[in-house]
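Student: Below is a structure I'd like to ask you about.
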Amino acid sequence: MTDDELFLTALLDCQRTELYTRPVTLSPQQQERLDAMRRRRQAGEPVQYICGFTEFMGLRIDVGPGVLIPRPETEGLVERVLLEMGREMRVPRRILDVGTGSGCIAIAMARMLESAHVVGIDVSPDALIFARRNAEKNRVERRVSFVERDVFWYLEEGIEAFDAIISNPPYVPACALAHLPLEVRREPVSALDGGPDGLHFYRYIIPAAWRRISPGGILALEFGDGQEKEIENLFAQTGPWDRIRFEKDLAGRERTVLAWKK
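Sequential numbering of the sequence shown, starting at 1076, is according to this note's numbering.
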């Protein structure tokens, strides 16, 4: 969709097709809001922040300053985990979403796996405001719990075992942050900055997650361009893992990894 189409669907609370199948007349107040949206976009603000929401796995997810905008690559991560876990949908599942942000992963998993209970952890209180709101709007608040906690502390100190741990951690190398597109730089640095080589969080998550996953459970991670070999080495240093599988995104780049605990 074009920016204007997105703005109009947000203003009029309608689907894109309705813009072309029924007359659209804006009130003076709506026209003022549309003009303001256009100005914000020209200044480099992300469309999703301006509209106040985005779509993820067919769900409406509210977003705004202080929370990472969900992306299609992360939908691919969720879809792959669902394919693996969905074979036994009647079996109760415990799932952990590390660095939940807007809650999009946790909420999608809860919506698609009706017997699952999901825990989402994040250190950002601003992000968790969006996450809790999104869980309520998508009617999964009884099966999704959000915890404001440092992810490293939670993984190291907790004792609860999970059938799956999923994470889209920060993976942009610190030296590359200044070269990101302007609209991406409007998103929280804490959700982007992966340390000097982009792998800071993986060095903690992979070994700690192995200790918190039930036998036969899955660790699923998204990672950045060119990081596959380093991620593979980190898995080789932990475990034992039963098997490890890398998957490509729609652009043909290695983007996600799934590992099964023995």
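We put the CB at the ideal spot given by N, CA and C, even for glycine.
In terms of residues, what are the limits of the alpha helix (DSSP H) holding T1084?
Tutor: Start and end: D1078 to L1087.
Student: Can you look up P1271 in the DSSP assignment and give me helix, strand or coil?
Tutor: P1271 falls in the coil class under three-state DSSP.
Student: Any chance you could list the alpha helix (DSSP H) runs of at least 4 consecutive residues sitting entirely within the segment 1156–1201, in chain order?
Tutor: Qualifying alpha helix (DSSP H) stretches, in chain order: 1179–1187.
Student: Reducing DSSP to helix, strand and coil, say where I1033 ends up.
Tutor: The question about residue 1033 has no answer here: the residues shown for the chain are numbered 1076 through 1337.
Student: Rounding to the nearest angstrom, what Cα-Cα distance links I1170 and I1280 in this structure?
Tutor: So the alpha carbons of these two residues sit roughly 15 Å apart.
Student: What does the Cβ neighbour count give for V1138, buried or exposed, with the cut at 16 atoms within 10 Å?
Tutor: The residue is buried, with at least 16 neighbouring Cβ atoms inside 10 Å.
Student: Does the contact criterion of 3 or more C-beta pairs under 8 Å hold for the segment 1143–1152 versus the segment 1100–1115?
Tutor: Because the criterion of three Cβ pairs below 8 Å is not met, the segment 1143–1152 and the segment 1100–1115 do not touch.
Student: Give the secondary structure of L1252 by DSSP, where H, G and I count as helix, E and B as strand, and everything else as coil.
Tutor: Looking at L1252 - three-state DSSP - the assignment turns out to be helix.
Student: Pairing CB atoms from the segment 1283–1303 with CB atoms from the segment 1225–1238, are three or more of them under 8 Å?
Tutor: Short answer: they touch.
Student: Does DSSP classify D1110 as helix, strand or coil?
Tutor: DSSP places D1110 in helix when its eight states are reduced to three.
Student: So L1230 is in the alpha helix (DSSP H); what residue range does that whole segment cover?
Tutor: Element bounds for L1230: V1226 to E1232.
Student: Helix, strand or coil, according to DSSP, for E1223 in the structure here?
Tutor: Residue state, collapsed to three classes: strand.
Student: If you draw a straight line from the C-alpha of V1194 to the C-alpha of A1206, how long is it?
Tutor: Roughly 11 Å between the two C-alpha positions.
Student: What did DSSP end up calling G1327 once you bin it into helix, strand or coil?
Tutor: Coil.
Student: With DSSP collapsed to three states, give me the class of R1261.
Tutor: If DSSP states are grouped into helix, strand and coil, R1261 belongs with coil.
Student: Run through DSSP, which three-state label would A1210 get?
Tutor: If DSSP states are grouped into helix, strand and coil, A1210 belongs with the helices.
Student: Considering only their Cβ atoms, is the gap separating V1173 from I1196 smaller than 8 Å?
Tutor: The answer is yes: Cβ separation under 8 Å.
Student: Between Q1117 and E1258, what straight-line distance do the alpha-carbon atoms span, to the nearest angstrom?
Tutor: About 10 Å.
Student: Spatial neighbours of L1296 within its chain, please: C-beta separation below 6 Å, excluding the five flanking residues on both sides.
Tutor: The residues are S1242 and V1332.
Student: Using the C-alpha atoms, what's the distance from F1227 back to I1234?
Tutor: Computed Cα separation, rounded: 13 Å.
Student: Using 8 Å as the threshold, is the C-beta distance between A1249 and G1270 below it?
Tutor: Closer than 8 Å, so yes.
Student: With a threshold of 6 Å on Cβ separation, who are the neighbours of R1061 within its own chain once the five nearest residues in sequence on each side are excluded?
Tutor: Since the first residue shown for the chain is 1076 and the last is 1337, residue 1061 is missing from the structure and cannot be characterised.
Student: Would you mind reading off the limits of the beta strand (DSSP E) that contains F1298?
Tutor: Taken as a continuous stretch (DSSP letters only), F1298 belongs to no beta strand (DSSP E), as it is neither H nor E.
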